[in-house]
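Enquirer: Top to bottom, those sequences are chains A and B. Using the numbering used here, you'd call the opening residue of the first sequence number 1 and step up by one each time. Using the numbering used here, you'd call the opening residue of the second sequence number 125 and step up by one each time. All C-beta atoms in this analysis are idealised placements derived from N, C-alpha and C, irrespective of residue type, glycine included.
2 protein chains.
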Amino acid sequence: MASGKSDWGIKVRVWVERAGVKVLGPGRVELLEHIDRQRSISAAARQMGMSYRRAWELVQAMNEAAGVELVEAKPGGSGGGGAAVTAHGQEAIRLYHSLVASFAKTSQDVALPAEPLAAPPDTT
Amino acid sequence: MASGKSDWGIKVRVWVERAGVKVLGPGRVELLEHIDRQRSISAAARQMGMSYRRAWELVQAMNEAAGVELVEAKPGGSGGGGAAVTAHGQEAIRLYHSLVASFAKTSQDVALPAEPLAAPPDTT
DNA sequence: CTCCGTTATGTCCATTCGGGAATAACGAAG
DNA sequence: CTTCGTTATTCCCGAATGGACATAACGGAG
Numbered sequence: 001m002a003s004g005k006s007d008w009g010i011k012v013r014v015w016v017e018r019a020g021v022k023v024l025g026p027g028r029v030e031l032l033e034h035i036d037r038q039r040s041i042s043a044a045a046r047q048m049g050m051s052y053r054r055a056w057e058l059v060q061a062m063n064e065a066a067g068v069e070l071v072e073a074k075p076g077g078s079g080g081g082g083a084a085v086t087a088h089g090q091e092a093i094r095l096y097h098s099l100v101a102s103f104a105k106t107s108q109d110v111a112l113p114a115e116p117l118a119a120p121p122d123t124t
Numbered sequence: 125m126a127s128g129k130s131d132w133g134i135k136v137r138v139w140v141e142r143a144g145v146k147v148l149g150p151g152r153v154e155l156l157e158h159i160d161r162q163r164s165i166s167a168a169a170r171q172m173g174m175s176y177r178r179a180w181e182l183v184q185a186m187n188e189a190a191g192v193e194l195v196e197a198k199p200g201g202s203g204g205g206g207a208a209v210t211a212h213g214q215e216a217i218r219l220y221h222s223l224v225a226s227f228a229k230t231s232q233d234v235a236l237p238a239e240p241l242a243a244p245p246d247t248t
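(1) Taking 8 Å as the threshold (beta carbon to beta carbon), is residue 106(A) in contact with chain B?
(2) Cα-Cα, which of 104(A), 85(A) and 119(A) is closest to residue 74(A)?
(3) Which runs of the alpha helix (DSSP H) fall wholly inside the region 2-65 of chain A and span at least 4 residues, in chain order?
(4) Give the list of continuous alpha helix (DSSP H) stretches no shorter than 4 residues that lie fully inside the region 83-118 of chain A.
(5) Taking Cβ positions only, does residue 11(A) come closer than 8 Å to chain B?
(6) For residue 79(A), tell me which candidate among 49(A), 88(A), 25(A) and 38(A) has the shortest Cα-Cα distance.
(7) Decide if the region 236-247 of chain B is in contact with the region 163-178 of chain B; the criterion is three or more beta carbon pairs, one per stretch, under 8 Å apart.
(8) Kindly indicate if chain A contains any beta-carbon less than 8 Å away from that of residue 156(B).
(9) Spatial neighbours of residue 141(B) within its chain, please: C-beta separation below 7 Å, excluding the five flanking residues on both sides.
(10) Take the Cβ of residue 64(A) as the centre, count every other Cβ of all protein chains shown within 10 Å, and call the residue buried at 16 or more, exposed below.
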């Protein structure tokens, strides 16, 4: 029963750009949240099963694309240093979540019919 | 003036799945429309600047994922054969466009503020 | 000064993706 | 049967992606 019930679904991916370059996406925001909790890029990366390299690149890309520091990182110091999500970063997280919520609501409203690809009756 | 005005924007990508596998996306629907006009996969591919191979693979994937033939292709015959978008395919195009329209509307409604990342005032 | 864990950066490599080209299959028209 | 342009299929390769690893830089604590 490959199509026994109705396993059709709508998927939406939302992201925020500035000057045409990506600033926030689902993965980036998730990373922001992990950094916020861990106060460390490497710890966040580990927790997400992502390489530190990639996490760091994402942070760079985010900061540059946003034009403001969303994550403030510093090497050295007690514990080796660490990273923190700035006030702008916090705001970015809130903003993105509200966007996702809006589109999720739309997704509910436009729910697909049981048979999305039933050809409409001939109108002649 | 890297951020002189307000070059922030929201981007949304919508796609339709069945049983967890992608059926329709922006590129696939565009391909459907080109095939519908050209009545040929290869012509559609040329027009889109895409290799015939990729176009053909997309058609296969679409047909299989949908569980119904969205494109009916036949080799041989006068003119070498050709391809046509079925009634189900036509319906798929309509469906996808309506989805995109809905999400575009939401995108308008949730338009970003001029300074998306202005930190909210301290509430203490 | 030494130690430590994190940030910062470079190099190498497996995987994926899709283009390009080559080839066969096909079937109606002539 | 031959011709013709399209569909169908395979093989090879370049680019991009991102993981794994190695190494330096950093700076507070002791």
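Expert: Let's see:
(1) As a working note, residue 106(A) is residue 106 in the first sequence. Chain B contact via Cβ: present.
(2) For the purposes of this step, residue 74(A) is taken as the residue at position 74 of the first sequence. Considering only alpha carbons, the answer is 85(A).
(3) 26-38 and 41-48
(4) 87-109
(5) Translated into positions along the first sequence, residue 11(A) becomes position 11. Taking Cβ atoms only, chain B reaches closer than 8 Å to residue 11(A), which makes this a yes.
(6) For this step, residue 79(A) is matched to residue 79 along the first sequence. Among 49(A), 88(A), 25(A) and 38(A), the Cα nearest to that of residue 79(A) belongs to 38(A).
(7) no
(8) Your numbering for residue 156(B) matches position 32 in the second sequence. It does not: the Cβ of residue 156(B) has no partner Cβ on chain A nearer than 8 Å.
(9) For the purposes of this step, residue 141(B) is taken as the residue at position 17 of the second sequence. Answer for residue 141(B): 147, listed in chain order.
(10) Translated into positions along the first sequence, residue 64(A) becomes position 64. With fewer than 16 Cβ atoms within 10 Å of its Cβ, residue 64(A) is classed as exposed.
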